[in-house]
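Chains as they are written, first to last, in the working numbering: chain A, 19 to 334; chain B, 2 to 287. Worksheet: one structure, shown below.
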Amino acid sequence: MAEIIKKATRESFGEALCELAVDNKDIVVLDADLAAATKTGVFGKAFPDRFFDCGIAEGNMIGVAAGMAAAGKIPVAASFAMFATGRAFEQIRNSVAYPGLNVKIAGSHAGISTGEDGATHQCIEDIGIMRTIPNMVVLNPADHWEMKEATKAAIAYDGPVYIRLGRLAIDSFNDPETYSFELGKGITLHEGNDVTVVATGLVVNEALKAVKELEAEGINARLINIHTIKPIDREIISKAARETGRIITVEEHNVVGGLAEAVCEVVTEECPVKVTKIGVQDRFGYSGPAWELLDKFELTQPHIARVIREVVAEGK
Amino acid sequence: MVVTMDSSEIKQLKILAAKARMGAVLGTYHAKSGHPGGSLSAADIFTYLYFKEMKVDPDNPQWEDRDRFVLSKGHCCPSLYAVLSLKGFFDWSELEVLRHVGAMLQGHPDMKGTPGIDMSTGSLGQGVSAACGMALAAKLDNKDYRTYTVLGDGEVEEGQVWEAAMFASHHKLDNLVVIVDQNGLQIDGPVEQVGGIEPLDKKFEAFGFEVIKIDGHDFEQIAAALEKAKTVKGKPTAVLAKTVKGKGVSFMEDQVGWHGVAPNKEQYEQATAELQAEIDRLEGEC
Numbered sequence: 019m020a021e022i023i024k025k026a027t028r029e030s031f032g033e034a035l036c037e038l039a040v041d042n043k044d045i046v047v048l049d050a051d052l053a054a055a056t057k058t059g060v061f062g063k064a065f066p067d068r069f070f071d072c073g074i075a076e077g078n079m080i081g082v083a084a085g086m087a088a089a090g091k092i093p094v095a096a097s098f099a100m101f102a103t104g105r106a107f108e109q110i111r112n113s114v115a116y117p118g119l120n121v122k123i124a125g126s127h128a129g130i131s132t133g134e135d136g137a138t139h140q141c142i143e144d145i146g147i148m149r150t151i152p153n154m155v156v157l158n159p160a161d162h163w164e165m166k167e168a169t170k171a172a173i174a175y176d177g178p179v180y181i182r183l184g185r186l187a188i189d190s191f192n193d194p195e196t197y198s199f200e201l202g203k204g205i206t207l208h209e210g211n212d213v214t215v216v217a218t219g220l221v222v223n224e225a226l227k228a229v230k231e232l233e234a235e236g237i238n239a240r241l242i243n244i245h246t247i248k249p250i251d252r253e254i255i256s257k258a259a260r261e262t263g264r265i266i267t268v269e270e271h272n273v274v275g276g277l278a279e280a281v282c283e284v285v286t287e288e289c290p291v292k293v294t295k296i297g298v299q300d301r302f303g304y305s306g307p308a309w310e311l312l313d314k315f316e317l318t319q320p321h322i323a324r325v326i327r328e329v330v331a332e333g334k
Numbered sequence: 002m003v004v005t006m007d008s009s010e011i012k013q014l015k016i017l018a019a020k021a022r023m024g025a026v027l028g029t030y031h032a033k034s035g036h037p038g039g040s041l042s043a044a045d046i047f048t049y050l051y052f053k054e055m056k057v058d059p060d061n062p063q064w065e066d067r068d069r070f071v072l073s074k075g076h077c078c079p080s081l082y083a084v085l086s087l088k089g090f091f092d093w094s095e096l097e098v099l100r101h102v103g104a105m106l107q108g109h110p111d112m113k114g115t116p117g118i119d120m121s122t123g124s125l126g127q128g129v130s131a132a133c134g135m136a137l138a139a140k141l142d143n144k145d146y147r148t149y150t151v152l153g154d155g156e157v158e159e160g161q162v163w164e165a166a167m168f169a170s171h172h173k174l175d176n177l178v179v180i181v182d183q184n185g186l187q188i189d190g191p192v193e194q195v196g197g198i199e200p201l202d203k204k205f206e207a208f209g210f211e212v213i214k215i216d217g218h219d220f221e222q223i224a225a226a227l228e229k230a231k232t233v234k235g236k237p238t239a240v241l242a243k244t245v246k247g248k249g250v251s252f253m254e255d256q257v258g259w260h261g262v263a264p265n266k267e268q269y270e271q272a273t274a275e276l277q278a279e280i281d282r283l284e285g286e287c
């Protein structure tokens, strides 16, 4: 069992950028006055000549990134998920995605685990917003090791990428010795044929703990980690639908527009099965400590385990 | 600033600009849509940029050291397309299928599909930010290419223009020239009634720009402004170019209604005849 590293994915992201930028001189990083929070500040310290704080002006930041990409750079533009994908949606859509420019957009403090800042800062729509844009790759890594590899893959990929970062320090569950990231490929974390749990991002580890807990009760749930929401791994999802019947999706995002709907789009076309959606149930968040909120919104291990039990008891 | 251009050079530019205007009229007529008014007001600026000012290579549109141009007011691309075609980037016949299904020339500039287009634009306020990014990249790479962008005067109502203006002066982008095509009209009426952008010179000055006010149809003034911009160090330049919307076609001049309406057959023929007469007159003088 690999050592557990407790770290927010935003920190892993900042580290990864610094490592990649040593050899890749084209990487430039832009932030909108949140560098200390998004962790691009680490990059700014290490590579001051390639770091540009654009001030509190997200729309312009995305446009500047587009222009730099058009001139051959690999710009990484970071802000909170809310402002990066919300405020600057149309700049991303028209100045980055339409011309297919090589810009990486990092949205930190995603989901309700942003915590005390409350609803205005708890972005639960970013995956949905980014997923609807043609040309856009959408990544939502689940732990330290996955974030580091996903960042490497995002930089290696030539085109627009949105990558979701979390504020909350979380335990790693992947083993760096065996872990491998392939863009667009889901990862089966636990085998089972009673039901399939498809999870993404910060709550993957909660789902993993839940399916392990249920082993003792004789419930064998398959768990798939979808780190790439778009392009989604159609094969792994349709295969699971065929082999296990029902699917449960788990995400720290609105159940509208996010992983749940992405999974439904696959199964409705390829193997219709009943899909149960664990996530933010189309409502706004509120202030509070992150773990208390995750519990209130029923996104933690006990809640996931309960839903799995209910679904298995109900049958196919 | 004295720029030496003899009268025959100016005459050649005027002929090219008249041809660009014919291209804009031709394109919008065949498209049965598009934006002739602003295309005609900016035609002289586009002509000067591509035929006198910018280092570009039609045989190698992606040349790394080329000067960059971003048409932030993307809807005025018909005359830009005409200028690019006259410069040799693509065939004139493309204008006849402007905005048609499967055509290379889109309703708004598409950098991936059209040689010579450096940035996809169309959503107002965005191009100027991209131009800032290009100018910043040039600085970062120690390259001496310059970046030019043309905005509409209605466009400066967009907040992003001022985010970009702050950014440009903060980063001392003296390799960036922002040209505002001040034709005075926007879709809903005169800019002074709709948006209240004045005093625009004071605004750009307050944002840290060198400001130069010119007649945007006078090639000597355009030349002098762009020459002066090259001598400005440590800050970007804004050229406020007073123009006439619909310039060169009598019945389109200074008419709000010609912002986004295509000429019908009769109007197309009249506009073409007027522009051809102007070309004939200028060539006769040569």
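By construction, the Cβ of each residue, glycine as well, lies at the ideal position given by its N, Cα and C atoms.
Residues that residue i bridges to, as DSSP identifies them
i: tyrosine 180 of chain A; result: A:Ile123 and A:Val156
i: glycine 190 of chain B; result: B:Gln187
i: asparagine 243 of chain A; result: A:Ile205 and A:Ala217
i: serine 97 of chain A; result: A:Gly125
i: cysteine 141 of chain A; result: A:Ala128
i: aspartate 51 of chain A; result: The partner list for aspartate 51 of chain A (beta bridge, DSSP) is empty, contrary to what the question assumes.
i: phenylalanine 69 of chain A; result: A:Val47
i: glycine 216 of chain B; result: Note that residue 216 of chain B corresponds to aspartate in the displayed sequence, not to glycine. DSSP, once it has assigned bridges, lists B:Lys243 as partnering aspartate 216 of chain B.
i: isoleucine 254 of chain A; result: Paired residues: none, contrary to the question.
i: aspartate 189 of chain A; result: A:Lys24
i: isoleucine 92 of chain A; result: A:Ile45
i: glutamate 211 of chain B; result: B:Thr238
Cβ pair residue i, residue j closer than 8 Å
i: histidine 218 of chain B; j: aspartate 45 of chain B; result: yes
i: aspartate 175 of chain B; j: valine 233 of chain B; result: yes
i: lysine 257 of chain A; j: alanine 278 of chain A; result: no
i: alanine 124 of chain A; j: alanine 84 of chain A; result: no
i: leucine 289 of chain B; j: phenylalanine 52 of chain B; result: No information on residue 289 of chain B is available, as it lies outside the stretch 2 to 287 that chain B covers here.
i: asparagine 223 of chain A; j: phenylalanine 191 of chain A; result: yes
i: isoleucine 247 of chain A; j: glycine 204 of chain A; result: no
i: glutamate 209 of chain A; j: arginine 240 of chain A; result: yes
i: leucine 220 of chain A; j: alanine 160 of chain A; result: yes
i: valine 192 of chain B; j: glycine 155 of chain B; result: yes
i: methionine 100 of chain A; j: cysteine 141 of chain A; result: yes
i: serine 131 of chain A; j: leucine 183 of chain A; result: no
i: aspartate 145 of chain B; j: alanine 88 of chain A; result: no
i: valine 293 of chain A; j: asparagine 272 of chain A; result: no
Coarse secondary structure for residue i, derived from DSSP in three states
i: valine 1 of chain B; result: Here chain B comprises residues numbered 2 to 287, so residue 1 of chain B is not present and cannot be evaluated.
i: threonine 48 of chain B; result: helix
i: alanine 26 of chain A; result: coil
i: threonine 238 of chain B; result: strand
i: aspartate 281 of chain B; result: helix
i: isoleucine 403 of chain A; result: Outside the displayed span of chain A (19 to 334) sits residue 403 of chain A, for which this structure offers no information.
i: lysine 266 of chain B; result: helix
i: lysine 248 of chain A; result: strand
i: aspartate 41 of chain A; result: helix
i: isoleucine 237 of chain A; result: coil
i: aspartate 7 of chain B; result: coil
i: glutamate 97 of chain B; result: helix
Cutoff 8 Å: residue i Cβ touching any chain B Cβ
i: glutamate 108 of chain A; result: yes
i: tyrosine 116 of chain A; result: yes
i: asparagine 112 of chain A; result: yes
i: asparagine 78 of chain A; result: yes
i: lysine 91 of chain A; result: yes
i: alanine 102 of chain A; result: no
i: valine 94 of chain A; result: no
i: methionine 86 of chain A; result: yes
i: glycine 177 of chain A; result: no
i: cysteine 72 of chain A; result: yes
i: alanine 83 of chain A; result: yes
Below-8 Å beta-carbon distance, residue i vs any chain A residue
i: methionine 253 of chain B; result: no
i: glutamine 127 of chain B; result: yes
i: glutamine 271 of chain B; result: no
i: glycine 108 of chain B; result: no
i: methionine 105 of chain B; result: no
i: glycine 134 of chain B; result: yes
i: aspartate 119 of chain B; result: yes
i: phenylalanine 168 of chain B; result: yes
Every unbroken beta strand (DSSP E) within the region 117–202 of chain B, with a cutoff of 3 residues, ordered by chain: Counting whole runs of 3 or more residues, the region 117–202 of chain B contains the beta strand (DSSP E) stretches 148–153 and 177–183.
Complete runs of the alpha helix (DSSP H) confined to the region 264–325 of chain A [at least 4 residues]: Counting whole runs of 4 or more residues, the region 264–325 of chain A contains the alpha helix (DSSP H) stretches 277–288 and 308–314.
Extract the residue ranges of the alpha helix (DSSP H) inside the region 12–48 of chain B, only unbroken runs of 4 or more that lie entirely within it. Counting only runs that start and end inside the region 12–48 of chain B, the alpha helix (DSSP H) elements of at least 4 residues fall at 37–42.
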